[in-house]
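Peer 1: Quick one: the structure is below, and I'll ask about it shortly.
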Amino acid sequence: MAASAKTLTIDNHTFDGDWTVVLPRRGKQRRHSFRIRSPEQLQQQQQQPWAPIDLETDAVRKLKLMQKIQICMKKMENSPFYHTLLDQIQTPEIFCCFHRVLGSEMKMQMVIYGIGSIESYEPPRLQLSLAILLKRKFSWIGDIEVFDPVLSTTECQVLEALGCSVLSINEQGQRCAQKPTMFFMPHCESMLYDNLLRANWGVELLNHVVLFGNSFDVYEKNVSYSKNSAMVDSTRHILAIRQFTKEFRIQTVSDDYFGAFHTSSWHFFSPVLETELQYID
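With this note's numbering, letter number 4 in the sequence shown gets 119, and the count goes up by one each step, no holes.
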């Protein structure tokens, strides 16, 4: 099956769905081993058709949101935070990590999970602004696909107008990286990161993944001090992949960007042998 899900257009709003699988507060989910079923089989089983619940369109509301995004992008583009991040990406060590993931491919697709409501809150707008600016800056970043079950029809329309594709399938965070893919996931639930790793629990797939999201180092430290079984269960693959992870923390530089990006890191994975990856139930 194809690595990416069908994208959503305004004409095919015929489905409904939510993201209950990846939210810890909805209850502990039974986990299955990838040694029993392939990532592709699990991904196909877990996918759910999705579209915004509200189908109303409002031109004024759409215009106001587009203006908010444009203001946010301008703020981001001129910020010390953004220029510090660009400098970090272009350091030899991190640039080599991106180059290794790209391999012989010319483009690295970007998938944004869990962006939240870009209409209601500034942190999601800052996160989206950064993703779009990175694509514009680096020619090797390809198309951007976006999914969050909270997105409204208006938000989907604005995302499409900005050149993004909104998925019509809830992948539960379980996209198999059959080709180089940047997963842009700042401040997602730990179980969503774990789902992503679980779907790519193999040498070839993990070597295709770049993850921008919450620090795995912080997760490891938090789990070591916690007796919360739900936290341990939702971070099994995060902890297991740590020994094969290169993590680079980003600097928020100023308070303006702390809420949107604090404890965020770039993560690159480089297991060599399938036998190095632990069997996880």
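Every residue, glycine too, gets a C-beta built ideally from N, C-alpha and C.
Considering only C-alpha positions, which residue in the set ASN285, MET223, HIS214 and ALA174 is nearest to LYS294?
Peer 2: The candidate whose alpha carbon is nearest that of LYS294 is MET223.
Peer 1: Along the beta strand (DSSP E) that carries VAL325, what are the first and last residues, could you check?
Peer 2: Its beta strand (DSSP E) spans residues 324-329.
Peer 1: Give the DSSP bridge partners of THR296, in chain order.
Peer 2: Paired residue(s): GLN224 and VAL324.
Peer 1: What's the call for SER153, buried or exposed, on a 16-neighbour Cβ count within 10 Å?
Peer 2: Legend: pLDDT at SER153 = 47, less than 50; position of this residue unreliable, no value from coordinates given.
Peer 1: What's the C-alpha gap between ASP332 and THR360?
Peer 2: Going by the C-alpha atoms only, they are around 10 Å apart.
Peer 1: Within the region 339-395, note down every full alpha helix (DSSP H) run reaching 4 residues or more, in order along the chain.
Peer 2: Runs found: 344-348, 351-356 and 373-376.
Peer 1: Using only the alpha-carbon positions, how far apart do ARG145 and ASP202 sit?
Peer 2: The predicted position of ARG145 is uncertain, since its pLDDT is 31 and thus under 50; a value taken from the coordinates is nonetheless stated next. Taking the straight line from one Cα to the other gives about 42 Å.
Peer 1: Could you round the C-beta distance between GLU389 and VAL318 to whole angstroms and report it? I think they count as a contact, below 8 Å.
Peer 2: Indeed, because the Cβ distance is near 6 Å, the residues count as touching under 8 Å.
Peer 1: Quick one: Cα of MET306 to Cα of ASP169, how far?
Peer 2: Whole-angstrom Cα-Cα distance: 27 Å.
Peer 1: Can you tell which of ILE184, ASN285, THR199 and PHE253 has the C-alpha that lies nearest to the C-alpha of LEU217?
Peer 2: The shortest Cα separation from LEU217 among ILE184, ASN285, THR199 and PHE253 belongs to PHE253.
Peer 1: Going by other Cβ atoms of all chains shown within 10 Å of its Cβ, with 16 needed for buried, is CYS279 buried or exposed?
Peer 2: Buried is the call here.
Peer 1: How big is the Cα-Cα spacing for ALA355 and LEU320?
Peer 2: About 16 Å.
Peer 1: Would you give the residue range spanned by the alpha helix (DSSP H) that GLU275 belongs to?
Peer 2: Per DSSP, GLU275 belongs to the alpha helix (DSSP H) from 268-276.
Peer 1: According to DSSP, ILE284 sits in a beta bridge with which residue or residues?
Peer 2: Paired residues: PRO164.
Peer 1: Tell me the DSSP secondary structure of PHE262 in three-state form.
Peer 2: It is a strand residue.
Peer 1: Please name the residue, chosen from VAL325, ARG357 and HIS323, that lies closest to VAL338 on a Cα-to-Cα basis.
Peer 2: Taking only the C-alpha atoms, the option nearest VAL338 is ARG357.
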